[in-house]
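Have a look at the structure below before the remarks.
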Amino acid sequence: MDIYTLKAEGLEVRVTNFGARIVSIRTPDRSGKVADVALGYDTIDGYVADNKTYLGSIVGRYGNRIAHGTFSVEGKQYHVPLNNGPNSLHGGTVGFDRHLWQAKEVPGGVEFTLVSPDGDQGYPGTLTVHVKYTVHAPKTLRIDYSATTDKPTVLNLTNHTYFNLGGEGEGTTLGTILGEKVKLDADAYTPVDAGLIPTGVAPVKGTPFDFTQLTVIGGRIGEDNQQLKYGGGYDHNFVVRGKAGELRPAAEVIDPASGRTMTVATTEPGVQFYTGNSLPGLFKGRSGVVYSKNMALCLETQHFPDSPNHPSFPSTELKPGETMHSTTVFRFGVEK
9 MDIYTLKAEG LEVRVTNFGA RIVSIRTPDR SGKVADVALG YDTIDGYVAD NKTYLGSIVG
69 RYGNRIAHGT FSVEGKQYHV PLNNGPNSLH GGTVGFDRHL WQAKEVPGGV EFTLVSPDGD
129 QGYPGTLTVH VKYTVHAPKT LRIDYSATTD KPTVLNLTNH TYFNLGGEGE GTTLGTILGE
189 KVKLDADAYT PVDAGLIPTG VAPVKGTPFD FTQLTVIGGR IGEDNQQLKY GGGYDHNFVV
249 RGKAGELRPA AEVIDPASGR TMTVATTEPG VQFYTGNSLP GLFKGRSGVV YSKNMALCLE
309 TQHFPDSPNH PSFPSTELKP GETMHSTTVF RFGVEK
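Here the sequence shown stands for residues 9 to 344, numbered as in the working numbering.
Here it is, written out as structure tokens:
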């Protein structure tokens with residue numbers, strides 16, 4: 009297990025080949041104080057022990073949920089492990105986050121490669137995945153994904169970093185993200201059932217899911233709303249405006265206390281906004297703080313959950329001879 013440190017002006021990102029994951033992201037606040045804005049552990053033992061949160065990892069083969077762990081490709085039905093109640097989550101019981109990836113240095117960063125054999129966790133096809141992390145000025149982290157297969161299959165890759173722009177408390181405290189502001193470039197989202205499986209697409213207007221303007225996360229998270237009750241907060245896929253396949257804005261986050269900002273752009277059709285509702289309060293992070301509910305947020309750029317079972321959703325099928333390409337860009341800054 010190795011750690012690679014990537015540096016650009018005002019940004020330091022550490023990644024590891026265990027789960028092809030982001031270990032830390034260090035960037036300054038408005039006064040110039042540098043802190044880590046990504047949750048993580050000081051030792052590899054922390055990541056091995058934590059099989060609940062997916063901190064910083066690449067999740068796959070299928071990020072997010074597949075209802076009842078069942079789907080069909082070209083008329084053939086497949087079954088994958090159930091590890092989230094009646095559903096399969098983030099690839100199954102041994103997903104991409106639990107594997108050692110091959111690493112090679114590339115200009116400005118590192119490229120990780122994983123070959124997932126035919127039948128891995130029940131998924132068809134030998135899948136070869138490349139994930140490249142690079143850093144650029146100003147304060148920009150770029151993730152490029154690509155994948156090929158030798159049989160028709162389904163695929164949904166994303167990065168599962170937990171962000172707290174307030175920064176870790178250097179061994180003292182870590183505040184929640186409820187005071188941070190979020191804007192999502194999405195006029196619609198996918199409501200869910202009690203198992204967090206999408207039931208369709210609905211407009212955000214007039215609901216607590218309207219983040220078309222910068223909105224304090226904690227402002228409406230406790231409202232008497234069935235969708236918020238299902239998620240224990242926000243844990244929903246938002247439909248990113250614009251044309252999937254083109255790099256376009258997806259999200260913006262501002263921490264008023266520190267002044268740190270983050271924007272997210274992606275080629276993916278959706279982004280899962282998750283407010284750390286299920287952080288279990290079991291694991292101590294690198295600062296010694298126990299990671300608990302609402303201490304971080306995720307913005308997982310992705311295809312929609314359970315897409316293989318929703319013909320109206322953008323397709324996640326990948327066929328032999330095709331190459332899946334996807335890009336997500338995180339840019340950090342400060343608000344004066």
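Backbone N, C-alpha and C define an ideal beta-carbon position, used for all residues, glycine too. Only a predicted model underlies this, so the values are computations on that prediction, with no experimental measurement involved.
Do you know whose CA, among the options, lies nearest residue i's CA?
i: PRO362; options: ASN245, THR78, GLU176; result: No statement about residue 362 is possible, as the shown extent of the chain runs from 9 to 344 and does not include it.
i: ALA273; options: ASN59, SER334, SER300, ASN302; result: SER334
i: TYR197; options: SER39, ARG294, GLN280, ASP10; result: GLN280
i: THR142; options: LEU135, ILE151, THR136; result: ILE151
i: SER80; options: ASN95, ALA28, LEU90, THR161; result: THR161
i: ALA194; options: GLY130, GLY203, ASP218, GLY187; result: ASP218
i: THR215; options: GLY40, GLY230, ASP53; result: GLY230
i: LYS191; options: LEU182, THR166, THR324, VAL224; result: VAL224
i: VAL21; options: ASP50, HIS318, THR35; result: THR35
i: ALA252; options: SER124, THR324, GLY54; result: THR324
i: THR157; options: GLY40, LYS327, GLY174; result: LYS327
i: ASN302; options: GLY296, LEU287, GLY293, PHE291; result: LEU287
i: GLY54; options: VAL297, LYS292, GLY329; result: LYS292
i: ARG228; options: GLU260, GLY208, LYS189; result: LYS189
i: PRO125; options: LYS112, VAL114, ALA111, PHE104; result: PHE104
i: ILE74; options: LEU14, LEU97, ALA259, GLU113; result: LEU97
What are the boundary residues of the beta strand (DSSP E) that residue i is part of?
i: TYR12; result: 11-16
i: ALA43; result: 42-44
i: LEU149; result: 148-157
i: LYS112; result: 110-114
i: GLY341; result: 332-342
Pull up the CB-CB distance for residue i and residue j, whole angstroms please, since I reckon it's below 8 angstroms.
i: THR283; j: GLY341; result: That pair is no contact at about 22 angstroms.
i: CYS352; j: THR169; result: This structure cannot speak to residue 352, because the chain is shown only from 9 to 344.
i: GLY100; j: ASN91; result: 6 angstroms
i: ASN172; j: GLY71; result: About 21 angstroms; that fails the 8 angstroms criterion.
i: HIS318; j: PRO206; result: 7 angstroms
i: HIS76; j: ASN95; result: 6 angstroms
By Cβ distance, which residues of its chain are closer than 7 angstroms to residue i, with the 5 residues on each side in sequence left out?
i: GLY278; result: ASN245, PHE246, VAL247, VAL248, GLN310, HIS311, PHE312
i: THR166; result: VAL67, GLY71, GLU308, THR309, GLN310
i: HIS144; result: ALA16, GLY116, ARG150
i: ARG106; result: GLY27
i: VAL31; result: ILE11, ARG22, VAL23, THR24, GLY48, GLY64
Three-state secondary structure (DSSP) at residue i?
i: ILE74; result: strand
i: TYR141; result: strand
i: PHE256; result: The identity of residue 256 in the sequence shown is Arg, whereas the question assumes Phe. ARG256 falls in the strand class under three-state DSSP.
i: ILE33; result: strand
i: ASN317; result: helix
i: GLY64; result: coil
i: TYR49; result: coil
i: LEU135; result: strand
i: ASP128; result: helix
i: ARG268; result: strand
Starting from residue i, follow the alpha helix (DSSP H) in both directions and report where the run begins and ends.
i: ASP53; result: 52-57
i: LYS292; result: It is not in any alpha helix (DSSP H) - LYS292 carries neither H nor E in the DSSP assignment.
Residues in its own chain within less than 6 angstroms of residue i by CB, not counting five upstream and five downstream?
i: VAL29; result: Correcting the residue type first, residue 29 is Arg in the shown sequence and not Val. Correct list, in chain order: GLY64, SER65.
i: VAL139; result: ALA28, ILE66, PHE120, TYR153
i: PRO257; result: ASP193, ALA273
Excluding the 5 residues flanking residue i on each side, which residues of the same chain have their C-beta closer than 8 angstroms to its C-beta?
i: THR148; result: ALA16, LEU19, VAL337, PHE338, ARG339, PHE340
i: GLY93; result: GLY203
i: GLN85; result: THR78, PHE79
Do we get a CB-CB distance below 9 angstroms when we pair residue i with the residues of chain D?
i: THR309; result: No chain D appears in the structure shown, which is made up of a single protein chain.
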